Each structure stands twice: as structure tokens, then as C-alpha cells.
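Working notes for the structure below.
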Amino acid sequence: MSFNKKRFSIKDLTAHKIECKKAAQNWLDSDCLILDTETTGLDDNAEIIEISIIDKDFNVLFNTLVKPSCEISKEATAINNITNKDVEYEQAFDEIYSKLKDVLENRLVVMYNSNFDTRILNQTIELYDLQKIPFERKCAMLLFSRFIDVKRWQKLSTATEHFNIKFTNQHQALSDCEATLKLIKSIADYTD
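Under our numbering, the first residue of the sequence shown is numbered -17, with each subsequent residue one higher.
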């Protein structure tokens, strides 16, 4: 019985992880922000119902529930535990927008699955006829996938497990921000 084995050297593997380590260190040296959202759903009409932003020192810069213009899907509530009643008396997105813009504008923002969070942020901005917020985005999910050398994206819980990071309250924006930052710091501090 014969099979092909992927051949790599320890040197290549180390160089590969060192590249990720340097990227994570650069993000932290650039005073990155960490952002996470929870949403009404996953589709093209989904909106933000919770958004959190922390800095590289775990200081909370923004953390709020948001009243959407539509109902929260049962599927979304099953994941994030946020109900329509929870957001009934919260501010709408257009009421928090200027403060959010002040925090994010022209900053380096790291997200776990930046494509999703950026899409949801822009969808919500467009829904309220507001201007997109310019910021540089980086993806901790892609960094972790590259770090462990896999092509498929990995759940945040998988990434935190890999580094033995305690991760409670999954799918709550602030907790997800904190877990993402711990992941970035773990990659930045990586040693063989």
C-alpha cells in the first residue's frame, strides 16, 4: 500500500509560524482594536444587534446592544441568546453611529472572521443611509488558520482551545473580542 505524504521540514514549519507571530506582533504594536458583532441573522438583510470594541489592553471602548429595524431570527437567538425583548428599548444603529465612527475611523481593526463582521457592519450602515467608516481590517481567523496550516476556517472556540485559552460566554460580542485578543497575544508570544 502506497500513499503520498506531505513533506515539510521543521525549519519550514517554524518559519511559517514565525510569519504569523510577526503579523500578530505588528497588529499589537499598531494599537489595533478588536471588534465583534452579534446579528439578527446571517443573510443579506441581517443587522447588528450587539457590537463591542476593545483595545489591545482589554479596555472596553464600545459595548452595546442595538435595536434593529427587523426581528431577530430564532436561529440567531439560538446562537447568541439575544431576544427581541432584550433590544426593545436599546438605541437604534443610527443613534450609536457617530460614537462608533469616532472609535473606528482610520484605525487598524482586527476581527475573527473579518469578512462577516465587515459585511454586517456595512449592511447596517447602508440600511440607515449612513457613510461607511474607513478603517483597516485584519482577520484573526485567517491568521490562526495560517498558523496551524489549514485552508479551512476554524471556529473561534477551536482557536482558543488550541492555545488553552479560557473562553466563556461564546457568541457574546465582548467575550468574543476578549477571546480574539487573547488568541492574537498567544500567537504573538508563540515559542517552540
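The beta-carbon is built from N, C-alpha and C at its ideal position, and this holds for glycine as well. Remember, predicted model here, so these are calculated numbers, not experimental data.
Notebook entry, point to check: Can you name the start and end residues of the beta strand (DSSP E) that T46 belongs to?
Noted result: Position 64 of the sequence shown, counted from the start, is the residue given in the question as residue 46. V42 to L47 is the span of the beta strand (DSSP E), which, as asked, contains T46.
Check: Three-state secondary structure (DSSP) at D174?
Finding: Translated into positions along the sequence shown, residue 174 becomes position 192. Residue state, collapsed to three classes: coil.
Next item on the list: Just grab the DSSP bridge partners of S34 for me.
Entry: Working through the sequence shown from its first residue, we reach residue 34 at position 52. According to DSSP, S34 bridges with D18 and N45.
Note to self: Is the separation between the beta-carbon of K114 and that of N104 shorter than 8 Å?
What the structure shows: Walking along the sequence shown from the start, residue 114 turns up at place 132. Walking along the sequence shown from the start, residue 104 turns up at place 122. The answer is yes: Cβ separation under 8 Å.
Notebook entry, point to check: Whole alpha helix (DSSP H) runs in the stretch 45 to 76 with 4 or more residues, listed along the chain?
Noted result: Entirely contained in the stretch 45 to 76, the alpha helix (DSSP H) runs reaching 4 residues are, in chain order, 56 to 62 and 66 to 69.
Next item on the list: Give me the Cα-Cα distance between R128 and K(-1), rounded to the nearest whole angstrom.
Entry: Taking the first residue of the sequence shown as position 1, residue 128 is located at position 146. Taking the first residue of the sequence shown as position 1, residue -1 is located at position 17. Taking the Cα positions, R128 is about 8 Å away from K(-1).
Checklist line | Segment limits, alpha helix (DSSP H) that includes E29 | finding: Here residue 29 corresponds to residue number 47 of the sequence shown, with the count starting at 1. Note, E29: premise wrong, no alpha helix (DSSP H); not H, not E.
Notebook entry, point to check: Excluding the five sequence neighbours on either side, which residues of its own chain have a C-beta within less than 7 Å of the C-beta of S55, listed in chain order?
Noted result: Reading the sequence shown from its first residue, position 73 is the one you call residue 55. When the five nearest sequence neighbours on each side are left out, the beta carbons in the same chain lying within less than 7 Å of the beta carbon of S55 are those of T22 and G23, in order along the chain.
Next item on the list: Compute the Euclidean distance between the alpha carbons of D171 and D39, then round it to the nearest angstrom.
Entry: Translated into positions along the sequence shown, residue 171 becomes position 189. Translated into positions along the sequence shown, residue 39 becomes position 57. A direct Cα-to-Cα measurement between D171 and D39 gives close to 15 Å.
Check: Using the beta-carbon count (16 or more within 10 Å), is R89 buried or exposed?
Finding: Position 107 of the sequence shown holds residue 89. Label assigned to R89: buried.
Item checked: Through-space distance from I35 to T150, alpha-carbon basis -> The residue given as residue 150 occupies position 168 in the sequence shown. The residue given as residue 35 occupies position 53 in the sequence shown. Between T150 and I35, the C-alpha separation is close to 17 Å.
Checklist line | D111 versus L138, E118 and F75, residue with shortest Cα-Cα distance | finding: Start at 1 with the first residue of the sequence shown, and residue 111 comes out as number 129. Nearest in C-alpha terms to D111, of all of L138, E118 and F75, is F75.
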